[in-house]
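A.B. asks:
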Amino acid sequence: MSRKLLSSTAAALVLGTGAYADAPSVAVDIAPLHSLVARVMDGVGSPELVIPAGASPHEHTLRPSEAAALENADVVFWMGEDLTPWLEDAVETLADDASVTALLEVDGTVLLDFRENALFEAHDHGDHDDHGHEDHAEAKHDDHDHDDHGHEDHAEAKHDDHDHDDHGHEDHAEAKHDDHDHDDHGHEDHAEAKHDDHDHDDHGHGDHAEAKHDDHDHDDHGHEDHAEAKHDDHDHDDHGHEDHAGHEGHAHGAHDPHAWLSPDNAATWLNVIAAELSAVDPDNAGAYFANAAAGREELEALKTEISATLAPAAGKSFIVFHDAYQYFENDFDFPASGAISLGDAADPSPARIAEIQARVRDEGVDCVLAEPQFNPGLVATVLDGTDAATGVLDPLGSTLEPGPELYPTLLRNLAGVLADCL
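Per this note's numbering, residue 78 is the first one in the sequence shown, and the count goes up by one each step.
#1: Going by Cα to Cα distance, which pick from 462, 452, 488 is closest to residue 336?
#2: Could you pull out every residue in the same chain whose Cβ sits closer than 7 Å to the Cβ of residue 458, ignoring the five residues on either side in sequence?
#3: Within the same chain, show all residues whose beta-carbon is closer than 7 Å to that of residue 197, passing over the 5 residues directly before and after it, in chain order.
#4: Quick one: residues in its chain with C-beta nearer than 7 Å to the C-beta of residue 168, no 5 flanking neighbours on either side, listed in chain order?
#5: Between the alpha carbons of residue 170 and residue 375, how many angstroms are there, rounded?
#6: Roughly how many angstroms lie between the CA atoms of residue 138 and residue 131, to the nearest whole one?
#7: As a quick exercise: from 455, 476, 136, 378, pick the residue whose alpha carbon is nearest that of residue 162.
#8: Excluding the five sequence neighbours on either side, which residues of its own chain have a C-beta within less than 6 Å of the C-beta of residue 324, listed in chain order?
#9: According to the neighbour-count rule (16 or more other Cβ atoms, all chains shown, within 10 Å of its Cβ), is residue 498 buried or exposed?
#10: How would you call residue 448, buried or exposed, if buried means at least 16 neighbouring beta carbons within 10 angstroms?
#11: Can you list, in chain order, the residues of its chain with a C-beta nearer than 7 Å to that of residue 501? Leave out the 5 residues immediately preceding and following it.
#12: To the nearest angstrom, how far is it from the Cα of residue 166 to the Cα of residue 112?
#13: Work out the CA separation of residue 183 and residue 445 for me, nearest whole Å.
#14: Helix, strand or coil, according to DSSP, for residue 111 in the structure here?
#15: So, helix, strand or coil for residue 339, using DSSP?
#16: Determine the direct distance from the alpha carbon of residue 188 to that of residue 372, and round the result to whole angstroms.
#17: Given a cut-off of 9 Å on the beta-carbon distance, is the pair residue 408 and residue 339 in contact?
#18: Label residue 127 either buried or exposed according to how many other C-beta atoms from any shown protein chain fall within 10 Å of its C-beta, with 16 as the threshold for buried.
#19: Is it right to say residue 140 is buried, meaning 16 or more other beta carbons lie within 10 angstroms of its own, or is it exposed?
#20: Which one or two residues does DSSP pair with residue 125 in a beta bridge?
#21: Just mark residue 353 as buried or exposed, buried being the case when its beta carbon has 16 or more other beta carbons within 10 Å.
#22: Run through DSSP, which three-state label would residue 363 get?
#23: Among 142, 192, 491, which residue has its Cα nearest to the Cα of residue 334?
#24: Tell me which same chain residues have a C-beta within less than 6 Å of the C-beta of residue 484, skipping the five on either side of it?
#25: Using three-state DSSP, classify residue 397 as helix, strand or coil.
#26: Which residue comes first and which comes last in the beta strand (DSSP E) that contains residue 418?
#27: Taking 9 Å as the threshold (C-beta atoms), are residue 479 and residue 401 in contact?
#28: With a 10 Å radius around its C-beta and 16 neighbouring C-beta atoms as the bar for buried, classify residue 406 as buried or exposed.
#29: Taking residue 486 as part of the alpha helix (DSSP H), name the residues at either end of that continuous run.
#30: Which residue marks the beginning of the beta strand (DSSP E) containing residue 466, and which one marks its end?
#31: Does residue 255 come out as helix, strand or coil in the three-state DSSP assignment?
#32: Around the Cβ of residue 343, are there at least 16 other Cβ atoms within 10 angstroms (buried) or fewer (exposed)?
#33: Just mark residue 359 as buried or exposed, buried being the case when its beta carbon has 16 or more other beta carbons within 10 Å.
#34: Comparing alpha-carbon positions, which option in 425, 477, 393 lies nearest residue 440?
#35: Report all residues from its chain with a CB closer than 8 Å to the CB of residue 356; omit the five preceding and five following residues, and keep chain order.
#36: Can you name, in chain order, every residue of its own chain whose Cβ lies under 7 Å from the Cβ of residue 496, other than the five neighbours on each side?
Next up, the structure:
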C-alpha cells in the first residue's frame with residue numbers, strides 16, 4: 078500500500094468519515110467524469126473533484142485545495158490535454174507517483190474530429206477515431222488519414238505527400254500560433270525528444286523518435302516558431318480554418334475533447350475505471366467491476382429514455398453556444414445546425430457571428446442555446462430580430478451535486494432542454 082494510501086486510511090479512521098479503511102485517494106478533473114468514477118467507487122470510497130463544476134475546463138487556475146487533491150492522489154482520472162492543456166504540467170508534477178489515466182487516450186474511446194466551421198451539415202460529425210488499431214502501419218490510406226492512433230510501427234508506414242492530417246486551411250502559414258496551437262505540445266526537438274505513449278497525439282508508435290520522415294510526414298509537433306517556418310501548402314496540421322489567425326492563442330488538438338457526452342464512451346470508460354482502481358486496490362476489485370457492470374446497464378436504459386424524449390423534436394434545427402455536443406448529436410442522431418463559438422470556447426469572430434445570424438434569420442432556426450459558463454450577450458445578439466426560442470444547455474452539470482447521479486442527470490437535462498426548446 079502506498080504512503081498516500083496509508084495516510085488517507087489513517088485520516089479516515091481518525092475522523093470517522095465512514096469511508097472504507099483501504100479506499101484509495103482518487104482525483105478526477107471534471108464533474109461528469111467524476112460522476113462515472115463515483116459510480117464505480119460506490120460503497121468503497123469517494124473521489125475528489127479537481128475542477129469545480131461551475132468552472133470552464135478550457136481555462137481554470139488551480140486553487141491550493143484542488144492542487145492538493147492531485148498531490149495526495151493514488152489514482153488520477155482526467156480527460157486529457159485536448160480538453161485541459163493547462164492541467165498537464167500539474168498532473169505530471171503533483172501526481173508524479175500516482176496511477177494516471179487520460180480517458181481520451183484509452184482503447185475503445187470513439188473520437189470525433191474538432192469542427193472549425195460555424196455551420197454544420199446534418200450528420201457532419203467528422204471521422205470516428207477508435208483507438209486500438211493493431212496494424213495501421215501496413216494499411217493504405219487516402220489523403221485524410223486519421224491522426225495515426227494505435228499504430229505499432231509508424232516509422233515504417235508509407236505516406237504520400239498528404240498523409241499528415243492536412244484539412245485545408247486557406248491561410249495557416251501566416252497565422253501566429255503560441256507553442257500549443259495546432260496540436261503543438263511544446264517539444265523543442267521532436268526528433269530527439271523522449272515521449273511516453275501519450276505525449277503527442279501519436280499513440281502506440283514503436284519508435285517515433287528515430288523514424289525518418291520527409292517534409293510532409295508529421296504533424297509538426299514542437300516547432301518553436303511554426304508561424305515563421307517555411308512550409309508548402311500541405312506541411313502542417315491543417316483542419317479547414319477559413320481564418321485561423323482570427324482565434325490565435327487558443328490551443329486545441331485534432332479531436333473534439335467533449336467525448337463524455339457520448340454514453341457509449343462512458344460505458345467503455347466504466348470498465349477502464351474499474352480496472353485502474355482494481356490495480357491499486359485489488360481487495361475491492363469485485364465491487365468496482367460489479368458497479369461498472371451495473372453502470373453500463375443503467376446507461377443502456379438511459380439511452381432508450383433519451384431517445385424517446387428527443388423523438389418529438391426530430392428534424393428541428395438548433396444552434397448551440399459552443400461546439401461541445403457533437404458526441405451527443407452522434408449517439409442520438411440529433412444534429413445541431415451550428416455553433417456560435419468553437420469547441421475550445423474561443424471568442425467567435427464577427428464573421429462567424431454573422432454566419433450564425435444569417436442561418437438563424439434565413440433558415441428559420443427553431444432554437445438557440447446558451448450555456449451557464451459563457452457570455453449570454455452573444456446569444457442575445459444572434460437572437461435579435463428572429464423568432465427563435467432559447468434555452469440553456471449545461472455540458473458539465475454545473476448546477477448539479479457532484480456524485481454518481483450527476484452524469485445520468487446531466488444527459489437527461491440536455492435532452493429535456495432540447496425537447497422543450499424545439
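For glycine and all other residues, C-beta sits at the position ideal for the given N, C-alpha and C.
Just so we're clear, the structure is a prediction, and the values are computed from it rather than from any experiment.
C.D. replies: The structure says:
#1: Sequence index remark: in the sequence shown, residue 336 carries index 259 (1-based). If you compare the alpha carbons of 462, 452, 488 with that of residue 336, the shortest gap goes to 488.
#2: The residue you call residue 458 lines up with position 381 of the sequence shown. Around residue 458: 430.
#3: Looking up residue 197 in the sequence shown gives position 120. Cβ neighbours of residue 197 beyond the five flanking positions: 412, 413, 414, 415.
#4: Along the sequence shown, read from residue 1 onward, the residue named residue 168 stands at position 91. Within its own chain, the residues whose Cβ lies closer than 7 Å to the Cβ of residue 168, once the five positions on either side in sequence are excluded, are 147, 153, 155, 177, listed in chain order.
#5: As a position in the sequence shown, residue 170 is number 93, starting the count at 1. As a position in the sequence shown, residue 375 is number 298, starting the count at 1. Spanning the two alpha carbons is a distance of roughly 36 Å.
#6: For the purposes of this step, residue 138 is taken as residue 61 along the sequence shown, with counting starting at 1. For the purposes of this step, residue 131 is taken as residue 54 along the sequence shown, with counting starting at 1. Using only the alpha carbons, I get a separation of about 13 Å.
#7: As a first step, residue 162 is located in the sequence shown; it is residue number 85 there, counting from the start. Minimum Cα distance to residue 162 is reached at 136.
#8: Taking the first residue of the sequence shown as position 1, residue 324 is located at position 247. Low local confidence applies: a pLDDT of 38 at residue 324 is under 50, so the model's placement there is unreliable, with the coordinate-based value given in what follows. The residues are 423.
#9: Against the sequence shown, residue 498 aligns to sequence position 421. Residue 498 should be labelled buried.
#10: For this step, residue 448 is matched to residue 371 along the sequence shown. Buried, since its Cβ has 16 or more Cβ neighbours within 10 Å.
#11: Residue 501 is absent from the model: the chain starts at 78 and stops at 499.
#12: Stepping through the sequence shown from its first residue, residue 166 is reached at position 89. Stepping through the sequence shown from its first residue, residue 112 is reached at position 35. Straight across, the Cα-Cα distance linking residue 166 with residue 112 is about 24 Å.
#13: Your numbering for residue 445 matches position 368 in the sequence shown. Your numbering for residue 183 matches position 106 in the sequence shown. Near 34 Å, if we compare the C-alpha coordinates of residue 183 and residue 445.
#14: For this step, residue 111 is matched to residue 34 along the sequence shown. Note: residue 111 maps to helix in three-state DSSP.
#15: Along the sequence shown, one-based indexing puts residue 339 at 262. DSSP places residue 339 in coil when its eight states are reduced to three.
#16: Within the sequence shown, numbered from 1, the residue matching residue 372 stands at position 295. Within the sequence shown, numbered from 1, the residue matching residue 188 stands at position 111. Near 21 Å, if we compare the C-alpha coordinates of residue 188 and residue 372.
#17: As a working note, residue 408 is residue 331 in the sequence shown. As a working note, residue 339 is residue 262 in the sequence shown. Here residue 408 is near residue 339, since their CB atoms are less than 9 Å apart.
#18: As a working mapping, residue 127 is identified with position 50 in the sequence shown. Residue 127 is buried by the Cβ-count criterion.
#19: Residue mapping note: residue 140 aligns to position 63 of the sequence shown, counting from 1. Exposed, since its Cβ has fewer than 16 Cβ neighbours within 10 Å.
#20: Position 48 of the sequence shown, counting from 1, holds the residue named residue 125. Per DSSP, 104.
#21: Taking the sequence shown and counting its residues from 1, one reaches residue 353 at position 276. Classification of residue 353: buried, given that the 10 Å Cβ count is 16 or more.
#22: In the sequence shown, the residue the question calls residue 363 occupies position 286. In the structure shown, residue 363 sits in a helix (DSSP, three-state: H, G or I).
#23: To locate residue 334, count along the sequence shown from 1; it is residue 257. Closest option to residue 334, Cα to Cα, is 192.
#24: Along the sequence shown, one-based indexing puts residue 484 at 407. Closer than 6 Å at the Cβ level, and outside the excluded window around residue 484, lie 109, 112, 113.
#25: The sequence position of residue 397 within the sequence shown is 320, counting from 1. Strand.
#26: Indexing the sequence shown from 1 puts residue 418 at position 341. Per DSSP, residue 418 belongs to the beta strand (DSSP E) from 415-418.
#27: Numbered from 1 along the sequence shown, position 324 holds the residue referred to as residue 401. Numbered from 1 along the sequence shown, position 402 holds the residue referred to as residue 479. Cβ distance not < 9 Å, so residue 401 and residue 479 don't count as in contact.
#28: As a first step, residue 406 must be located in the sequence shown, where it is residue number 329. Buried.
#29: Translated into positions along the sequence shown, residue 486 becomes position 409. That run of the alpha helix (DSSP H) goes 483-498.
#30: As a first step, residue 466 is located in the sequence shown; it is residue number 389 there, counting from the start. 466-469 is the extent of the beta strand (DSSP E) around residue 466.
#31: Position 178 of the sequence shown, counted from the first residue, corresponds to residue 255. Note that residue 255 scores 42 on pLDDT, short of 50, meaning its location in the model is unreliable and no value can be drawn from it.
#32: Numbered from 1 along the sequence shown, position 266 holds the residue referred to as residue 343. So residue 343 ends up on the buried side.
#33: The residue given as residue 359 occupies position 282 in the sequence shown. Its Cβ having fewer than 16 others within 10 Å, residue 359 is exposed.
#34: Locating residue 440 in the sequence shown gives position 363, counting from the first residue. It is 393 whose Cα lies nearest to the Cα of residue 440.
#35: Counted from its first residue, the sequence shown places residue 356 at position 279. Only 176 meet the Cβ criterion.
#36: Indexing the sequence shown from 1 puts residue 496 at position 419. These residues qualify, in order along the chain: 386, 387, 389, 390.
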